[in-house]
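Chains as they are written, first to last, in my numbering: chain A, 1 to 787; chain B, 1 to 787.
In what follows, a structure is listed as structure tokens, so that the remarks can point back to it.
Protein chains: 2
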Amino acid sequence: MQYGYFDNKNKEYVITRPDTPLPWINYLSNGKYCAMVSNTGGGYSFYIDPRDQRILRYRYNNLPIDRPGRYIYIRDNQTSEYWTPTWQPVIKKLDNYECRHGLGYTKISSSYKGVKAKILYFVPLEDNLEIWSLTLQNNSSGKKELGIFSYAEFCLWSAIADQRDLQYIQNVAVAKYDHIVNAIFYHLFDLSSYIAFFASNGKVIGYDCDRESFIGLYRSEENPVSVENGKCKNSQALGGNPIAATYNSMTLNPHETKRIVFILGIVKEKSQAKQLIHKYKKFDNVEIEFLKLKETWDNYLKKNIVETPDEDFNSIINIWNPYQCKTTFDWARYVSFYETGIGRGIGFRDSNQDTLAVCHSLPKLVRKRLLELAKIQFEDGKVYHIYFPLTGKGDYPDYVNPRMKFFSDDHLWMIYAVSNYLKETGDWSILKHEVDYVEGSKDSLYDHLKRAIEFTINHIGPHGFPLIGTADWNDTLQLHGPNQNGESVMVAMQFHKALSDISNIANELNFKADVEKYNNLAKKIKDHINKYAWDGQWYIRAYTDDGEVIGSKSNEEGKIFLNTQSWAVFSKVAPVDRSFQCMDSVRKYLVTKFGIKLLYPPYTRFYPKLKGISTFPPGLKENASIFCHSNPWAEIAECILGRGDIAYEYFKKIAPTSKNKIAEIHQTEPYIYSQMITGNDHPKFGAAKNSWLTGTASWTMKAATDWILGIRSDFHGLKINPCIPKKWDKFRVTRYFRNAIYDIQVQNPEHRSKGIKLVKVDNIIQENNLLPVFKDGKKYDVKVLMG
Amino acid sequence: MQYGYFDNKNKEYVITRPDTPLPWINYLSNGKYCAMVSNTGGGYSFYIDPRDQRILRYRYNNLPIDRPGRYIYIRDNQTSEYWTPTWQPVIKKLDNYECRHGLGYTKISSSYKGVKAKILYFVPLEDNLEIWSLTLQNNSSGKKELGIFSYAEFCLWSAIADQRDLQYIQNVAVAKYDHIVNAIFYHLFDLSSYIAFFASNGKVIGYDCDRESFIGLYRSEENPVSVENGKCKNSQALGGNPIAATYNSMTLNPHETKRIVFILGIVKEKSQAKQLIHKYKKFDNVEIEFLKLKETWDNYLKKNIVETPDEDFNSIINIWNPYQCKTTFDWARYVSFYETGIGRGIGFRDSNQDTLAVCHSLPKLVRKRLLELAKIQFEDGKVYHIYFPLTGKGDYPDYVNPRMKFFSDDHLWMIYAVSNYLKETGDWSILKHEVDYVEGSKDSLYDHLKRAIEFTINHIGPHGFPLIGTADWNDTLQLHGPNQNGESVMVAMQFHKALSDISNIANELNFKADVEKYNNLAKKIKDHINKYAWDGQWYIRAYTDDGEVIGSKSNEEGKIFLNTQSWAVFSKVAPVDRSFQCMDSVRKYLVTKFGIKLLYPPYTRFYPKLKGISTFPPGLKENASIFCHSNPWAEIAECILGRGDIAYEYFKKIAPTSKNKIAEIHQTEPYIYSQMITGNDHPKFGAAKNSWLTGTASWTMKAATDWILGIRSDFHGLKINPCIPKKWDKFRVTRYFRNAIYDIQVQNPEHRSKGIKLVKVDNIIQENNLLPVFKDGKKYDVKVLMG
């Protein structure tokens, strides 16, 4: 069943009925002020840190789902009937409901008894506020006397305390209407918070700052007493639950259209709010800021535009996937409708991976982020697992094992991310940048990378594989125990990849000793993996604390894991024959109609030796769900093997567009990736969970652009090496690379997946498939002939 | 406005309309399994620890307020109409709604279109489960075909993770219907949790374990799709939001009555659930357990029964105050509708005070608790501020100052509580009991008390008063700073009281050196207080870190604080003239029509030197609210001064019964005390907050029984020294004391507040007003003549 469609021309996903299986949301954010909004107006806001600077409250487990939000009630003052054009929370049947999620904005429109309402929500680029711009149109033949009530429920700044310590927290915040500025101001009584303000360019004839006054006892957002009665109580909130509710009235003659802009934002000083309100009261300024926003997104997207025979592929790669990549780059796994922004902070592993696919479009931000991340590295090379954006201070999650206080993969991702950055930008200066360690000493970023390698060298287990620590990429593979001996084969492969990457970097720097050292180590670990981790048809996954193998045919459950197959190929550990063999095993055991699952068969009971992974019912999360993040690795592996059709098939299986027609099964938003899709060992096979914040975004983008389309940045140029579905006869990519534009047109007359016959740049035949670095801001015409 | 009345005969508070200003709740608990239930069926359950063993979920900030709960929907299958006899969540107008909160049980009844429903909720004494016993009666003239749906929403065991980490936690729990046992079982997939079960003695013809299946999309408890359609979906929950919903049908002929018992409980093994279900399926067993429960409460109450001319006083002292005392004794400040049971644990200070008023009725439990508490003392005499009931492990709250990691009052409360225990029980063996310190060494309880004294001796500030540490009794008086010099005059008074108490104990033990030492110290601190803390009309409250006085006429705000006046008298620090002077100042500056506020005038802005106390708007919490806990200290002080009318007036000001007719102002339950009543510096003057869990319970009970009625246990007997309102001409108290019953009849023919002319026991005139210890299980006739 379908709930909407892609409007690629406007770069919007259009939702055509409000009752989506889950809230389908959008992130409106300038990177600091962030407002999440659902297709029915639900959602919340925060500034920089969703834990300590939460502006709007959200009730995650609410019934009905998805409350509260940014609501505008419209009341026909002649009939006393009222509704919300966002459908929720009043939930009255509306005509022509439509929600358009665009890049950084959301438009919701609908009609009720002749009154058409349209709300545009967006966060301007520079100002820390959100705009709700309401347009009302009277399409009936009679005059309409309308009441307009706005509503937002404040969170008591600390999102933790807001849920935890009501007896205290509900006595520290104040919200009052300021009759001079004509705005509601909300802050902690002690002024230790920012000051939130809410204003409009309409004439406010009533307001409520106290939730219970506006809503009424035993009522909800569905039927606020103030709306029902058509007047506010002009309440202040001194303690309690502060809100921002205002009341405007409006007369609309037949066919007349009027607008009101509502502004919710935060400032340090009241005077700043005054200026901002003044600015955004003018419709023209709202318009200008909205156009600036659109322009910024267009500039972000244009750095990589693809035209393939597959419209869905184009729509994902040109619009939605890069959009999601920017969101994950901004918020990692910290804050969504499932990540509550309270506990997890910004992950080191996550954030490094999140840089991969925005590097070509946002190199400066990536540079900044990489250097920030390096600061939470310790002198011995390991890193904190998370950090908090407000302070930059590192931390570990609750479940970190105090005796193995590291994640075996975390620090290695830094090498991959920096290598990716170097290839994309050629900015070698970053390696010389001095960065602090947690302990306070400092060193160049290059030395940070070296220490990451050292940490793994110094933490090898009894079978010669890296000790798994608390866990590896798979947070739930918790193999620690009394011997502190759990080992990860996936990290061994990742280590091989990291060694190759740092060796290549050292080579560019002409650090010969390092090159030799890392090459030797790489060879050693590769040989070791092939000697001890090959299980006959695939690679094993790990060893438990007491030396039991995991991911082997000898296991009763969890015989084969996806990641040590894709990574065997991706990391170049596997010889050719084994590469095919292990990826064929993936195809045989792990591929389902909705994507590739993480392991087979699932654990049907709890295993104390494995812990986390066996705490999920079969088919959920790391226990054999289609954990989307690891699917693009299989796509990349298939590209390396030259099997373009399979890579493309895998791509399509989890592609959002392919979920659009089965939205009632998939449930989460069909325009972005989710963390997981329930596996076929579970009765809800196909149901996705935890949308938006997932490493899937970056990696699928990389799989599609770097491997399927095969346009990959390298130290000395842009490499062209596609691995496409055979049926494609051509494709075109406009790619920005180091201050030049490459207009790449690939022909595939022989319908091959792989292989290049000829490369021409501005009609000049090239020696090989590495396009030169031009750096001159010009556009180059690149013709590629496959064959 | 009145929402209900006291039914003293049945020991029930009867709520006659469901839309109370806040949920008016009851605690159903056997001390381990705890179910809170509101007058409309809202509330949640846990086992021992509300943080880590939460059974039912509650949404604290929900709209409408007070959801979810223990709901029973009734559906007329002939008309498809449905309602909930608890009013919430369907909120249909009901006839004859009534909620009777009794001791350990709640009965809710109502009628809708001729069908009368009555639900009895209770937790049996021995079994860890809750009973919902439903009785339906057809009072109409036609046959009724009814559908009965039960509903409970599970919390995902960890109450923190349930709110914090949805992307994970909503994938680890399972709920399934077991067709052999005919019950829903709910537990974590890894079986690390207990197993919750839900069953009934009705024939289950449908069920739902998955919330979304039962409720339906964009619906709520108000209109579940399963109820609307008259059938369940027989869903299982493998992950997601598990619930227990069952469907029974019932035919009721005119005037016929039928019953169904629903059972929700937890067990370690499924087999135990089977036995419990078997037991409680029998109506007779439910009846027996309910009678046992009532008997237990009667036994608890009968240890102190008063008959005074004031019926309200009797109802509070005989029923509701001791009932609340047991609740605070069980749950301290940990879990209510405002305390979310997540962060605070059981407070050391709180728990010691909570023993005071249950000591005569539950001496064994008090002994156990006192010894448990002593275990979180450190070798240097200080204590942890809180501990968690599941592990007994101590901790500090978040806001503890790392450089002054102690609360200056905590450890001293132990001396008061132990002294109270010794006087009540004469059980001197407790002092010899060896108890661990946090560090692992152990010592007798008496030595623990001595170390508490030592800690204060070793932490005296520059003005000679005890260093305040993180804070004192007033958690928000946060005077710490760079010099670590903040000082508390209240703790100095408390220290004097502790020194007197331990000196008296040492005297009984014949430890002469200790007696001398503590008496000298007591004299010293008393003199010091009188020399340096007297402000002319009252005692100052504290010194800030940089030596600024707090609670002095020289202050612009916060000139006078209640506690250093009441404690000056109570601790016997104040000489007679100053005693009257300071309590007259209290009367002049702090007494309002709804109770005595904590300070005057309130802080109108944040003071960095004071922190917490100035983070509240004036009139809330410690910033000049009527902080109820400190009102009984003023009552006691007035009794010491012999001003019975004033003591009684203060008692009545905050007495729950006095709030019954102004419930719309008071808002919280008018049968128990709340933590605070909004002060007269706030627009919501009179509105109470944070009901149930407050030290007010213990201390008001003590003030009323020990000081107003004047019946006080002492080391060698029961002292009689009333200080009553002059208008009372007599009163009678039946008091259990050390295994004898004292039937005390006091005559006051001269209408005095204080003074005793004659005491007779079994007609024998006594030498003084100290009734002897009899220990023989007999009842003694005590006649007292005031004059």
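Built from N, CA and C at the ideal position, the CB exists for glycine as well.
Query: Where residue 37 of chain B meets chain A, residues with beta-carbon distance less than 9 Å; Result: Simply none; closest approach about 17 Å.
Query: Near-chain B residues of the region 202-227 of chain A (beta-carbon distance less than 7 Å), N- to C-terminal order; Result: 215, 217, 218, 219, 220 and 221
Query: Which of helix, strand or coil DSSP assigns to residue 633 of chain B; Result: helix
Query: Residue-chain proximity (residue 239 of chain A, chain B), Cβ-Cβ < 8 Å; Result: yes
Query: Contact set between residue 113 of chain A and chain B, taken where Cβ atoms lie within less than 9 Å; Result: Result: empty, since nearest Cβ-Cβ is about 21 Å, beyond 9 Å.
Query: Meets three-Cβ-pair contact criterion under 8 Å: the region 59-70 of chain B and the region 109-117 of chain B; Result: no
Query: Separation of residue 500 of chain B from residue 768 of chain B, as counted between CA atoms; Result: 23 Å
Query: Straight-line gap, residue 695 of chain A to residue 323 of chain A (C-alpha atoms, nearest Å); Result: 13 Å
Query: At least three beta-carbon pairs within less than 8 Å, the region 46-55 of chain A to the region 375-389 of chain A; Result: yes
Query: Assigned secondary structure, residue 789 of chain A (DSSP; H/G/I helix, E/B strand, else coil); Result: Outside the shown range of chain A, which is 1 to 787, sits residue 789 of chain A, and nothing can be said about it.
Query: Beta carbon proximity, residue 286 of chain B to chain A, threshold 8 Å; Result: no
Query: Endpoints, the alpha helix (DSSP H) within which residue 643 of chain B is located; Result: Taken as a continuous stretch (DSSP letters only), residue 643 of chain B belongs to no alpha helix (DSSP H), as it is neither H nor E.
Query: Under 8 Å between C-beta atoms of residue 599 of chain B and residue 560 of chain B; Result: yes
Query: CB contact below 8 Å: residue 14 of chain B versus chain A; Result: no
Query: Chain A contacts made by the region 617-631 of chain B, where a contact means CB separation under 9 Å; Result: 617, 618, 619, 620, 621, 623 and 625
Query: Cut-off 6 Å between Cβ atoms - residues of its own chain near residue 356 of chain A, not counting five sequence neighbours on either side; Result: 420, 698 and 702
Query: Selection from B/662, B/519 and B/642 that minimises the alpha carbon distance to residue 722 of chain B; Result: B/642
Query: Contact check, residue 125 of chain A vs residue 328 of chain A, beta carbons under 8 Å; Result: no
Query: Short-range partners of chain A found in the region 680-704 of chain B, where Cβ spacing is below 9 Å; Result: 682, 683, 684, 689, 690 and 693
Query: When A/320, A/351, A/318 and A/319 are compared against residue 334 of chain A, the one with the closest alpha-carbon; Result: A/351
Query: Outcome for residue 545 of chain A when other beta-carbon atoms lying within 10 angstroms are tallied against a minimum of 16; Result: buried
Query: Proximity below 8 Å, CB of residue 615 of chain B to CB of residue 189 of chain A; Result: yes
Query: Short CB-CB distance (under 8 Å) between residue 52 of chain B and chain A; Result: no
Query: CB contact check: residue 792 of chain A to chain B, cutoff 8 Å; Result: Here chain A covers residues 1 to 787 and nothing more, so residue 792 of chain A does not appear.
Query: Under 8 Å (Cβ pairs) to chain B, residues found in the region 172-195 of chain A; Result: 172, 174, 188, 189, 190, 191 and 192
Query: CB contact below 8 Å: residue 77 of chain A versus chain B; Result: no
Query: Through-space distance from residue 712 of chain B to residue 397 of chain A, alpha-carbon basis; Result: 53 Å
Query: Closer than 8 Å to chain B by CB, residue 613 of chain A; Result: no
Query: Beta-carbon proximity list for residue 196 of chain A, same chain, < 6 Å, skipping 5 on both sides; Result: 55, 186 and 266
Query: Pick from A/489, A/736, A/75 and A/632 that is closest to residue 779 of chain A, judged by C-alpha positions; Result: A/736
Query: Interface flag, residue 675 of chain B vs chain A, CB-CB below 8 Å; Result: yes
Query: 8 Å Cβ cutoff, residue 57 of chain B in contact with chain A; Result: yes
Query: Cβ pair residue 21 of chain A, residue 217 of chain B closer than 8 Å; Result: yes
Query: According to DSSP, residues forming a beta bridge with residue 34 of chain A; Result: A/29 and A/46
Query: C-alpha distance - residue 528 of chain A paired with residue 181 of chain B, whole-angstrom precision; Result: 54 Å
Query: Under 8 Å between C-beta atoms of residue 23 of chain A and residue 337 of chain A; Result: yes
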